[in-house]
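At position 163 of the sequence shown (counting the first as 1) the number is 150 in this note's numbering, and the numbers step up by one without a gap. Beta carbons are placed, not taken as given, at the ideal position from N, Cα and C, and that holds for glycine. So the structure is just underneath, and the comments pick up after that.
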Amino acid sequence: MNDEILTLTAYFAERERTNDRFLADEMLHLFHDQGIPASVLLRGIAGFGVSNVVLSDRSLSLGESAPVTISAVDHPERILALTDSVTAMTARGVITLRRAHDLPSPLPANPEDVRLSLNLGRKQRVAGKPGYVAVCAVLHRLGFAGAEVFLGVDGTVAGQRRRARFFSSNREVPLLVAAVGTAAQAAAAVDELPKILPDPVFRVENIGVCKKDGQQLADPRELAGTSPFQKLTVRTAEDTLIDGRPIHRALIEQLRDSAHASGATVLRGMWGYLGTDRPHGDRFPHLARHVPVSTVI
């Protein structure tokens, strides 16, 4: 049995349009029509793309829009059948395909580092507390290097469209949990989490951890293989500063002014942890938000 799955991810501006409607709405309508079992729309807090203009939730005008990302997950033949349609409707943006494996099938041979991810419902509960809190507690106890929970605003669950609405509990709107750890830790999580979650669907991807806790572990060029493209993700806390600025904002500005990246998107987590920190969300009454952020380059 082939356990490989593909993740199709599109990066673009929230107000981007196609066929007289917003691109995000058109894309998710396609995923619903095709019965894609898991997709999620995440709204970024900063980023830049082909226009080389930095978009930020701190500086957007009424005529500008936030960066967004939409990810869809399914078996390779179903995702590949979507790529022509998704590419045709996306006039400005970046579209990527990533291989992963659908657990609990056997893990890929000898990966040192993996990214484990799963989708949950916004209001899903475990033992009286939010499901994402319970999941992060398990991942932290198992020793994962970090985990983040991203709040979705639209998506598909079991092939059905689930979008956030103002006057609604939004119980089934998906959110994304992503964690970085070893293959052994991922196997332990896949064994334990089904005991507290009904029918979870896990994805695992081979990755390389280049830097952790300030220590250089690998050179990205050594991990490139034969592909001319790489995705680099920098995980920090939103209130961690460098020269008086949040690290992710300084990184976006430096990348925009350099020739090292054609685009980047910053995603803010609502819960999670890095390293030895305990899982957490905002800490009040702090002015800056102590939540994890991921800068995807």
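Can you tell me which of L10, A132, R152, A(-3) puts its alpha carbon nearest to the alpha carbon of P279?
A132
Residues in its own chain within less than 8 Å of G50 by CB, not counting five upstream and five downstream?
Any reading at G50 must be qualified, since the residue scores a pLDDT of 48, below 50, and its modelled position is unreliable; the value itself is stated next. No residues qualify anywhere along the chain.
Can you tell which of K199, G201, D200, G195 has the C-alpha that lies nearest to the C-alpha of R208?
G195
Below 8 Å on the Cβ atoms is my guess for V41 versus R243; work out the distance and round it to an integer in Å.
6 Å
Please return the same chain residues whose Cβ sits closer than 8 Å to the Cβ of Q203, not counting the five positions on each side in sequence.
C197
For D12, the three-state DSSP class (helix, strand or coil)
It is helical.
Proximity winner among V125, G139, D230, relative to L184 (alpha-carbon distances)
V125
I need the DSSP call for H19, collapsed to helix, strand or coil.
The answer is helix: DSSP assigns H19 an H, G or I state.
Measure the Cβ-Cβ separation of V60 and A25 and say whether it is below 7 Å.
Note that the C-beta distance between V60 and A25 is below 7 Å.
Within 8 Å, do at least three Cβ pairs link the stretch 245 to 257 to the stretch 97 to 116?
no
Give the DSSP-derived three-state secondary structure of D178 in the structure shown.
helix
Among Y(-2), E99, A224, which has the Cα closest to the Cα of S58?
Y(-2)
Could you check where the alpha helix (DSSP H) with R243 kicks off and where it finishes?
234 to 244
Are there three or more Cβ pairs, one per stretch, closer than 8 Å when the stretch 8 to 20 is compared with the stretch 218 to 237?
no
Take V283 and list the residues in its own chain whose beta-carbon comes closer than 6 Å to its own, dropping the five residues that flank it on each side.
Counting only residues of its own chain and dropping the five nearest sequence neighbours on each side, V283 has a CB closer than 6 Å to the CB of T220, T252.
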